[in-house]
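Visitor: In my numbering, the protein residues as written are 3 to 422.
Glycine residues also receive a C-beta, built at the ideal position from the N, C-alpha and C atoms.
Remember, predicted model here, so these are calculated numbers, not experimental data.
This is the structure I have questions about; it appears just below.
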Amino acid sequence: MALPRDSELVKLAPLPPFKPDLYQRAWQSIPHPTLPLLATAHHKSVTVFSLTTLSAHSALTQGHERSVRSTAWRPNLPPDKRCLVTGSFDSTAGICEETKAKDWELIVVLDGQDSEIKSVSFSPTGQFLATCSRDKSVWIWEDVESDDEWETVAVLTEHEGDVKAVAWCPETNRTGRGRYSSDALASASYDNTVRIWREESEQEWECVAVLEGHEGTVWGVQWEPKPRGDKFPRIMTWSADRTVRIWTLKEEEEEEAPQHAWGSLGGIPNTMRRSLKEEWECTAILPKAHTRDIYSATWSPTTGMVASTGSDGTIALYREDEEEQPNGGAARNECDEAAAELDGDVPMTNGHTEEPHGSRKWKLVSTTPNAHGPYEVNHITWCKRYDQECPPEKRGIEEMLVTTGDDGVVRPWQILLEAS
C-alpha cells in the first residue's frame with residue numbers, strides 16, 4: 003500500500019475476523035517478524051493464528067495462573083524454530099518454544115517481580131528481554147545460552163508508578179555509532195512519563211532521558227520502525243490524555259565521543275566519559291481523534307502511517323507529510339478547539355503556548371467508530387497480508403491493520419484508497 007495522496011480518501015473495510023472467536027477479553031495481537039503468524043494474548047493463554055487462513059494455528063495453554071497480558075516473538079531464530087515470551091498478571095513471564103507437532107512447551111519461568119507483568123519485549127538480537135510491572139520496575143534479562151537459562155542483569159526502579167510498556171529501539175544502520183547507537187530501551191508509565199535507558203557499562207543501566215509532557219498515564223511507546231534518511235529513530239507515545247506524541251532526539255556533535263554499544267564504556271574512567279544524558283523534544287502532537295484513553299497505536303514500517311485506538315472504540319489513521327500543511331493542516335482547526343473548550347478540554351501544549359512545530363506535518367486521514375461495536379479496543383497493529391482475499395502478487399507485501407478487543411474478537415482491516 004502506497005502512502006495516500008491528498009486527492010485520495012482513506013477508508014477501512016473489515017475483513018472476516020480470525021476464527022474461532024475467543025469469547026473473552028483479548029489484550030493484544032503480535033505478528034511474527036517474518037512468518038505468517040499472529041500471537042494473541044487472552045485469558046491464561048496465547049492463541050497463535052495463521053495469517054494465511056485467518057484461523058487458529060496452535061495455542062499456548064500452560065504456565066500461568068492468571069491472564070496473559072502481553073506476548074512477544076523472539077527474533078533472529080532459524081526458520082524452523084519459534085519462541086514466544088508471555089507476561090502475566092500472575093507476576094511471571096514464561097519462555098515457550100513450539101514443538102514439531104504445533105504444541106508449545108514451557109521452557110523457563112522468569113519470576114521475581116512483585117506484581118502483574120504488563121509488557122514484555124525482546125531486543126532486536128533476541129539476547130535481551132525486558133519485562134515491566136505494576137510494582138514500578140523494569141527488569142532486563144539476558145540469555146546466557148546454556149540450558150535455556152536467563153539471568154537478571156538489571157532492575158530499574160526510577161519510575162514512580164505502574165510501568166505499562168517497554169520497547170527496544172530497532173536495529174538501524176547507526177549501530178555502534180557513538181553514544182547514539184540503537185542499543186536503547188524505552189519504558190512508559192502511570193507516572194505520565196517515558197524513560198530512556200542505556201547500558202553505561204557491563205550490566206550497569208542508566209536512565210539517560212525522561213520524556214515529560216503527557217498529562218495522563220502513558221499507555222504505550224513505540225520506536226520509529228524505519229527512520230527517514232540517517233536520522234535516529236523517533237519515539238511515539240500515547241496516553242490517557244487522548245494524545246499521540248512524537249519525540250525526537252536532539253543529537254550533539256560526536257567529536258571524539260566514546261563508543262556506546264553493549265558494555266563498550268566499561269574500560270573508560272568515569273572522569274573521562276561524556277555525559278550520557280540525552281535531550282528528547284516533543285516535536286509533534288497528532289491531530290485530536292479520540293474522546294477517551296488511547297490504549298494502543300502502531301507505526302507502519304512500510305508507509306510511515308500511524309493508527310491509534312482505545313477506550314472509545316475508534317480507529318484513527320494519520321499520515322505524515324514531508325512539508326507542513328498550509329493553514330495549520332494537521333494542527334487543530336478552530337472548530338475542534340472551540341468544541342474542546344465547550345467540553346471543558348484544555349488543548350495539550352506540552353508546557354508551551356504553541357503546538358510543536360512538527361504537528362503541522364501530520365494529517366488525520368480516516369476515523370472508523372465502533373470498530374468492535376460497544377466494546378473497548380485494547381490493541382492495534384500493522385500486519386502483512388497473506389489471506390486468500392489478497393491478490394497473490396501482493397501477499398507478504400500489502401499491509402492491513404489488526405485490532406484486538408474486549409469482545410474477544412481479533413479483526414483484520416483492509417485499507418482502501420478512493421479518489422475524492
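1) Restricting to runs no shorter than 4 residues, where is the alpha helix (DSSP H) found entirely within the region 32-64?
2) Return helix, strand or coil for Leu267, following the three-state DSSP convention.
3) If you pair each beta-carbon of the region 285-298 with each one of the region 368-388, do three or more pairs fall below 8 Å?
4) Counting C-beta neighbours from all protein chains within 10 Å, is the total for Gly315 16 or more, i.e. buried, or is it exposed?
5) When you compare only the Cα positions, how much space is there between Lys21 and Ser57?
6) What is the residue span of the beta strand (DSSP E) that Val210 lies within?
7) Under a three-way DSSP split, which group does Ser125 fall into?
8) Consult DSSP for Gly306 and reduce its assignment to one of helix, strand or coil.
9) Between Glu283 and Trp249, which are expected to be in contact by the criterion C-beta below 8 Å, what is the C-beta distance as a whole number of angstroms?
10) When burial is assigned at 16 or more other CB atoms within 10 Å of the CB, is Gly312 buried or exposed?
11) On the criterion of 16 or more Cβ atoms from any shown chain inside 10 Å, does Asn78 qualify as buried, or is it exposed?
12) Leaving out five residues on either side along the sequence, give the residues of the same chain with a beta carbon under 7 Å from the beta carbon of Glu343.
13) Alpha carbon to alpha carbon, how far is His161 from Thr219?
14) Can you give me the Cβ contacts of Val146 inside the same chain, cut-off strictly under 6 Å, excluding the 5 residues immediately before and after it?
15) To the nearest angstrom, how far is it from the Cα of Cys209 to the Cα of Pro394?
16) If you count every other CB in all the chains shown that lies within 10 Å of the CB of Gly375, and 16 or more means buried, which is it?
17) Using beta-carbon positions only, say whether Tyr192 and Gly163 come within less than 7 Å of one another.
18) Go ahead and label Tyr388 buried or exposed: buried means 16 or more other beta carbons lie within 10 angstroms of its beta carbon, across all protein chains shown.
19) Would you decide whether Ala421 is buried or exposed? Buried here means 16 or more other CB atoms lie within 10 Å of its CB.
20) I need the boundaries of the beta strand (DSSP E) containing Ile198, first residue and last residue.
21) What first and last residue would you give for the beta strand (DSSP E) that runs through Asp145?
22) Could you tell me which of Glu173, Gln224, Gly407 and His59 sits nearest to Ala28, measuring between CA atoms?
23) I think Gly128 touches Arg200, with their Cβ atoms under 8 Å apart; what is that distance to the nearest whole Å?
24) Check whether the region 363-374 and the region 34-53 touch, using three or more Cβ-Cβ pairs below 8 Å as the test.
25) Assign His374 to one of three DSSP states: helix, strand, or coil.
Guide: This is what the structure holds:
1) Those alpha helix (DSSP H) runs which fall completely within the region 32-64 and span 4+ residues do not exist here.
2) Only weak support exists for where Leu267 lies, its pLDDT of 41 falling under 50; the coordinates are left without a value.
3) Judged by pairs of C-beta atoms under 8 Å, the region 285-298 touches the region 368-388, as three or more such pairs exist.
4) Classification of Gly315: buried, given that the 10 Å Cβ count is 16 or more.
5) Straight through space, the alpha carbons of Ser57 and Lys21 are spaced by roughly 5 Å.
6) Its beta strand (DSSP E) spans residues Glu206 to Leu213.
7) Of the three classes helix, strand and coil, the one that applies to Ser125 here is coil, per DSSP.
8) Collapsing the DSSP output to three states places Gly306 in coil.
9) That pair is a contact at about 7 Å.
10) By the 10 Å Cβ count, Gly312 comes out buried.
11) Counting every other CB atom within 10 Å of its CB across the protein chains shown gives Asn78 a total below 16, marking it as exposed.
12) At Glu343 the pLDDT is 41, less than 50, meaning the model places this residue with poor confidence and gives no usable figure here.
13) Spanning the two alpha carbons is a distance of roughly 12 Å.
14) Closer than 6 Å at Cβ, skipping near neighbours: Glu153.
15) Spanning the two alpha carbons is a distance of roughly 47 Å.
16) Exposed, since its Cβ has fewer than 16 Cβ neighbours within 10 Å.
17) Going by C-beta atoms, Tyr192 is nearer than 7 Å to Gly163.
18) Burial call: buried.
19) Flag for Ala421 reads exposed.
20) Bounds of the beta strand (DSSP E) holding Ile198 are Val196 to Ser203.
21) Looking at the DSSP string, the run of the beta strand (DSSP E) that includes Asp145 is Val140 to Asp145.
22) The shortest Cα separation from Ala28 among Glu173, Gln224, Gly407 and His59 belongs to Gly407.
23) Incorrect: roughly 19 Å between the Cβ atoms, too far for contact.
24) They do not touch, by the three-pair rule.
25) Residue state, collapsed to three classes: coil.
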